[in-house]
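As given, the protein sequences belong to chains A and B, one line each in that order. Numbering-wise (my numbering), the first sequence opens with residue 202 and increments by one. Numbering-wise (my numbering), the second sequence opens with residue 94 and increments by one.
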Amino acid sequence: MEKPRLGFFKYSCCAGCEFQFMYFQKHIIESITSFDIVYARMLKRGGNPHGPFDIALVEGTITESWQVDELKKIREQSKQLFAIGSCAIDGGIPAIKSTMPELEAEKKVYKDLSTIHSIRPHSVDAYIKVDGYIRGCPPGERDLHEALASVLTGKKPAFLQYSVCVECKLKGNICVLVAYNMPCMGPVTNAGCGALCPSMNRACYSCFGPMKQANGPALARKFRLMGLSREDIIRKFTEFGADTIEFRRVIETYED
Amino acid sequence: MCGLCGELAKAPFRRSKKLVPKETFFLWLDSLRKKYKLIGPVKVGSQTVFKKLNSSKELFMEYESTMFSPGKLFIYKPKEDLLRFSINDEIAIDEIPPISEKQVIIGVHPCDTNAILYLDKIFLGAYKDPYYDVRRKNTIIISLNCTKVSLNCFCSSVGAGPFLKAEAGYDMLLTDFEDKYLIEIKSRRAEELFNIKGKRVGASELRLKSEKEKSLLSSFKKTINVEGLDELFMKNIEHPVWQYTAEERCLSCSNCVMVCPTCFCYDIVDETSMDLKTVRRFRHLDACQDIRFAEVYGGNFRQRRAARLRQFVSHKLNQTSQYGVLGTVGCGRCITWCPTGIDLTEIAKEIQKS
Chain A
202 MEKPRLGFFK
212 YSCCAGCEFQ
222 FMYFQKHIIE
232 SITSFDIVYA
242 RMLKRGGNPH
252 GPFDIALVEG
262 TITESWQVDE
272 LKKIREQSKQ
282 LFAIGSCAID
292 GGIPAIKSTM
302 PELEAEKKVY
312 KDLSTIHSIR
322 PHSVDAYIKV
332 DGYIRGCPPG
342 ERDLHEALAS
352 VLTGKKPAFL
362 QYSVCVECKL
372 KGNICVLVAY
382 NMPCMGPVTN
392 AGCGALCPSM
402 NRACYSCFGP
412 MKQANGPALA
422 RKFRLMGLSR
432 EDIIRKFTEF
442 GADTIEFRRV
452 IETYED
Chain B
94 MCGLCGELAK
104 APFRRSKKLV
114 PKETFFLWLD
124 SLRKKYKLIG
134 PVKVGSQTVF
144 KKLNSSKELF
154 MEYESTMFSP
164 GKLFIYKPKE
174 DLLRFSINDE
184 IAIDEIPPIS
194 EKQVIIGVHP
204 CDTNAILYLD
214 KIFLGAYKDP
224 YYDVRRKNTI
234 IISLNCTKVS
244 LNCFCSSVGA
254 GPFLKAEAGY
264 DMLLTDFEDK
274 YLIEIKSRRA
284 EELFNIKGKR
294 VGASELRLKS
304 EKEKSLLSSF
314 KKTINVEGLD
324 ELFMKNIEHP
334 VWQYTAEERC
344 LSCSNCVMVC
354 PTCFCYDIVD
364 ETSMDLKTVR
374 RFRHLDACQD
384 IRFAEVYGGN
394 FRQRRAARLR
404 QFVSHKLNQT
414 SQYGVLGTVG
424 CGRCITWCPT
434 GIDLTEIAKE
444 IQKS
């Protein structure tokens, strides 16, 4: 049987997702050997970015207009396309700037704006339809495994769609939010990390982004009762999910 | 009556009552360690957790409540491997037999004991769950009547505490008598196992026991009138309390379900290895607050958060038709561990008001 053709595309991000993919092969070698890696810039030189692909993985936020054009072409050339990592899925770190006008953000960073062509940052699914989300920063191995194995077996991937609290409770952790009064983002954050931070007695900071229909405003009210300032609350909800409906509602409520 | 209770009840035994010094009791408990895994409440920081004991000295019997009930940690496991199968020329199934380590759980409060009896109805009822069954049979339950009432306890309103009324389905019942325990034998195997001679219990001790119970009953802060809730909930399916609680406070985080000692739903997951040769099938606790819980081909029965919240609360308070008893044992965990403190007794009161 011919190996499925895989393309890995990177937009505005740290390339950590692609490194995670490379690292993944260290203990599951089939994740690389079962695929024909047609294009993955961090993995190998050259390659063919035009497709066609059986599976395309797209990391990074869309922050320039040429990325939109390229992304649309990739979509048309791919049987299945997954957004991978918080940047591609929720806007991630690059979308922090979406809380201010684009030009103001540019001026804060660059002296000479003549070569800057940035647009307001958006997740990949703002521009194209995706077949699934491999969440996390870096992506969780469970969902990465699920996506790759599903392509190989030809089944619909079952990604985790519940809060970090569920994973946390399955591990038997004491709740850091209720018991220790830590401002934990677990209740509104999508699972996939195995409740890594709460297992280490740390509050979750939502690096996996909001779960679907997460009730951001209700948790923000709880944080407010716990004594968090408006600024702290905004920071918590903009760090990884500034481009999501779930967290935007909080940002808009607590903005001056 | 569940299958197991029936089996336990069949063997005749003397329902003896003894007063035994705590020291003697704990020495006896330690002597069980050769044959049994001992499990009990242990203080961990500001919390109490049911865990494996190396010695009875680790026990913290004065605890108020724990985040997880012992029944849903050590009898019905949160996560459990069921089978593996390998795919070569043929499919070969490698079943994982239920683990049958003998264990003693000590210090189980009345609410949690009743919760185990509730789980029995599900897993040992019409269909016997082999994993639950074998572990239940190999577990000796030593219950402990409460000495304190927590802020969120409402067991007295649902007949599940603070003193245990059930007569079967567990092995021993302890009541705190300062430096002694009043020990009641509730099963044949407990009678055989507990070979300690104690002081005989007379009328004065029993009177003291019921006085202790009375004084506890008067210290409950939370109460709920469950009479007629069945009908009332059905009539108020679209009551505004569901919508505004869901909007203002419910996070859909499922903490309520995960800490609930009677929530029994599980999901079965297949995990395929990347070489596509082996599949691991396991189950883990599922939660009706998750958006995909009621998702089926073509739609979702509970797309709205309010519908999911209503599902949990009404499963606890109104669906007595399912197993003949209320789904709640009044432990108050779902209130304590809800990040926004949603209180099902308050919701019921809102509906009763209208």
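Backbone N, C-alpha and C fix where the C-beta goes; we use that ideal spot for every residue, glycine too. None of the values given here were measured: they were computed from a predicted structure.
Residue i, DSSP secondary structure in three states
i	result
A:V310	helix
B:H377	strand
B:Y224	helix
A:H251	coil
B:G200	strand
A:G208	strand
A:G335	Looking at the sequence itself, residue 335 of chain A is Ile, so the reference to Gly does not match. It is a strand residue.
A:L258	strand
B:M94	Residue placement at B:M94 is flagged as unreliable, the pLDDT there being 42, under the threshold of 50; a coordinate-derived value is accordingly withheld.
B:L437	helix
B:K214	helix
B:K446	helix
B:R401	helix
A:P399	helix
B:V319	coil
A:A443	coil
CA nearest to the CA of residue i, picked from the options
i	options	result
B:C47	B:C424, B:L437, B:I444, B:K279	As shown, chain B starts at 94 and ends at 447. That puts residue 47 of chain B outside it, with no answer to give.
B:C381	B:K136, B:T371, B:H408	B:H408
B:V201	B:K302, B:S345, B:I168, B:V350	B:I168
B:K279	B:A261, B:F143, B:K442, B:E324	B:A261
A:T439	A:L345, A:V331, A:G355, A:P322	A:P322
B:T159	B:K172, B:Y225, B:S139	B:S139
B:V362	B:C353, B:T355, B:V372, B:P354	B:V372
B:L146	B:R126, B:S162, B:P163	B:R126
B:S263	B:R229, B:G291, B:Y274, B:R293	For the record, residue 263 of chain B in the displayed sequence is Tyr; it is not Ser. Of the candidates B:R229, B:G291, B:Y274, B:R293, the one whose C-alpha sits nearest the C-alpha of B:Y263 is B:R229.
B:G218	B:Y416, B:H332, B:V135, B:S447	B:Y416
B:K110	B:S250, B:I330, B:G295	B:G295
A:G442	A:P384, A:G417, A:H346	A:G417
A:S279	A:I285, A:T262, A:G252	A:G252
Nearest-angstrom Cα separation, counted from residue j out to residue i
i	j	result
B:K305	B:P432	33 Å
A:M243	A:P302	32 Å
B:P223	B:F216	8 Å
B:A387	B:D213	25 Å
A:S319	A:E265	5 Å
A:C394	B:Q396	25 Å
A:A306	A:V451	21 Å
B:E157	A:S287	41 Å
B:E285	B:M265	12 Å
B:K328	A:L420	31 Å
B:L176	A:S351	20 Å
B:G96	A:D237	Only weak support is given to the placement of B:G96: the predicted model assigns it a pLDDT of 49, under 50, and the value that follows is read from those uncertain coordinates. Using only the alpha carbons, I get a separation of about 56 Å.
A:R206	A:E432	46 Å
A:V157	A:A289	Outside the shown range of chain A, which is 202 to 457, sits residue 157 of chain A, and nothing can be said about it.
B:Q196	B:F313	33 Å
B:N393	B:I435	24 Å
B:S149	A:C398	32 Å
A:G410	B:A399	23 Å
B:D182	B:A441	58 Å
B:T141	A:A380	11 Å
B:P467	B:V227	There is no way to answer for residue 467 of chain B, as the model of chain B reaches only from 94 to 447.
B:Y129	B:W335	46 Å
B:K221	B:F143	26 Å
B:E298	B:Q412	39 Å
B:P203	A:Y363	32 Å
B:R450	B:D174	In the structure as shown, chain B begins at 94 and stops at 447. Residue 450 of chain B is therefore absent and cannot be evaluated.
B:F256	A:C338	49 Å
B:D123	B:R300	31 Å
B:L325	A:E271	58 Å
According to DSSP, residues forming a beta bridge with residue i
i	result
B:M265	B:I235, B:I278
A:E265	A:S319
B:Q140	B:V137
A:P340	A:G337
A:P411	A:T390
A:S364	A:N391
B:V352	Answer by DSSP bridge pairing: none, since B:V352 is not bridged.
Q) For the segment 414-430 of chain B against the segment 198-213 of chain B, are there 3 or more C-beta pairs whose distance is under 8 Å? A) The segment 414-430 of chain B, when compared against the segment 198-213 of chain B, does touch it at the 8 Å Cβ threshold.
Q.
Measuring CB atoms only, is the segment 263-271 of chain B touching the segment 230-247 of chain B, in the sense that at least three cross pairs come out at less than 8 Å?
A. By the Cβ test, the segment 263-271 of chain B is in contact with the segment 230-247 of chain B, since at least three Cβ pairs between them sit closer than 8 Å.
(Q) Within 8 Å, do at least three Cβ pairs link the segment 366-373 of chain A to the segment 396-407 of chain A? (A) Yes: the two stretches touch, three or more of their Cβ pairs being nearer than 8 Å.
Q) Below 8 Å, can you find three or more Cβ-Cβ pairs linking the segment 360-374 of chain B to the segment 221-234 of chain A? A) Yes, the segment 360-374 of chain B is in contact with the segment 221-234 of chain A.
Q. Are three or more beta carbon pairs between the segment 208-227 of chain A and the segment 253-270 of chain A nearer than 8 Å?
A. A contact exists between the segment 208-227 of chain A and the segment 253-270 of chain A.
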